[in-house]
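Report on the following structure.
Residue numbers (this note's numbering): 10 to 266.
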């Protein structure tokens, strides 16, 4: 959002204006990925989606919130975490000033699984306080369900934390930050059949465990199957799907519609 304030004010005043607030994390991602992985990826997706539609829609993206709810990663070190209340307060207070700036819609775009419940709570609380505005929340990788099913080589369990999906995206977007000599994943050993097995096989049962109970490296999945080509295919679909969603949000909140 490297723009002078009059440009922001003018964009917000346009009919159907949308502001995207990316929310990431600063947490360990195994031996091979940087701790800022979630923040880097959600930021890239947010900007790509917005840039694809900015000529026709009043859309802006804020700087990414770089710390999220990550207590389950603390045993490994390299992690900075906010508690649930603090993160919810941050999101709620950002929303207050977003609407003071006169944006019609606010999208919290999430990049970290541990933030999902807090994002949902923020949408509910902010929406309740601002019934005349549109408040939305989305975890970006859920936009990739179809392309992941087409492209992935790993079985269920191979796409989790620092696995085939995230490592492929990083190889496409930030190859210089991936230490391919240190790639080492572990399959999630989830004893409950209704528990989460994968980013794209999320069971209905919530279970809390710290990540050292799943993996000695901190990564879970099959990062050895990652490639830059897969990452590009994932990213291109994410960009397209987010662009389509932004068009829908704009249309839903335009008085001319």
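A virtual CB, placed ideally from N, CA and C, is assigned to each residue, including glycine.
Under the three-state reduction of DSSP, which class applies to residue i: helix, strand or coil?
i, result
"residue 70", "strand"
"residue 124", "helix"
"residue 101", "helix"
"residue 229", "coil"
"residue 114", "strand"
"residue 90", "strand"
"residue 262", "coil"
"residue 210", "strand"
"residue 187", "coil"
"residue 77", "strand"
"residue 38", "strand"
"residue 11", "coil"
What span of residues does the beta strand (DSSP E) with residue i cover, start to end?
i, result
"residue 192", "Careful: residue 192 lies outside any beta strand (DSSP E) and carries neither H nor E."
"residue 143", "143-148"
"residue 29", "27-32"
Between which residues of its own chain and residue i is the CB-CB distance below 8 angstroms, once the five residues before and five after are set aside?
i, result
"residue 213", "203"
"residue 248", "54, 57, 58, 61"
"residue 125", "119, 148"
Quick one: what's got a C-beta closer than 7 angstroms to residue i's C-beta in the same chain, skipping five residues either side?
i, result
"residue 154", "209"
"residue 185", "none"
"residue 183", "49"
"residue 252", "58, 61, 62"
Rounded to whole angstroms, how far is the Cβ of residue i from the Cβ of residue j, which I believe are closer than 8 angstroms?
i, j, result
"residue 169", "residue 128", "That pair is no contact at about 19 angstroms."
"residue 50", "residue 171", "That belief does not hold up - the Cβ atoms of residue 50 and residue 171 are roughly 11 angstroms apart, past 8 angstroms."
"residue 206", "residue 165", "5 angstroms"
"residue 144", "residue 115", "5 angstroms"
"residue 39", "residue 226", "5 angstroms"
"residue 195", "residue 224", "4 angstroms"
"residue 135", "residue 104", "4 angstroms"
"residue 88", "residue 36", "4 angstroms"
"residue 26", "residue 112", "5 angstroms"
"residue 263", "residue 92", "Actually they do not touch by this definition, with Cβ atoms about 38 angstroms apart."
"residue 152", "residue 250", "4 angstroms"
Could you name the residues of the same chain whose beta carbon sits closer than 6 angstroms to that of residue i, not counting the 5 residues immediately before and after it, in chain order?
i, result
"residue 188", "41"
"residue 266", "At residue 266 the pLDDT is 49, less than 50, meaning the model places this residue with poor confidence and gives no usable figure here."
"residue 176", "232, 235"
"residue 34", "47, 77, 79, 121"
"residue 74", "32"
"residue 219", "81, 84"
"residue 110", "21"
"residue 132", "144, 146"
"residue 181", "237, 240, 241, 244"
Grab the span of the alpha helix (DSSP H) containing residue i for me, first residue to last.
i, result
"residue 176", "173-182"
"residue 18", "14-22"
"residue 50", "46-60"
"residue 155", "154-160"
Three Cβ pairs or more, each shorter than 8 angstroms: is that satisfied between the region 90-98 and the region 241-251? no
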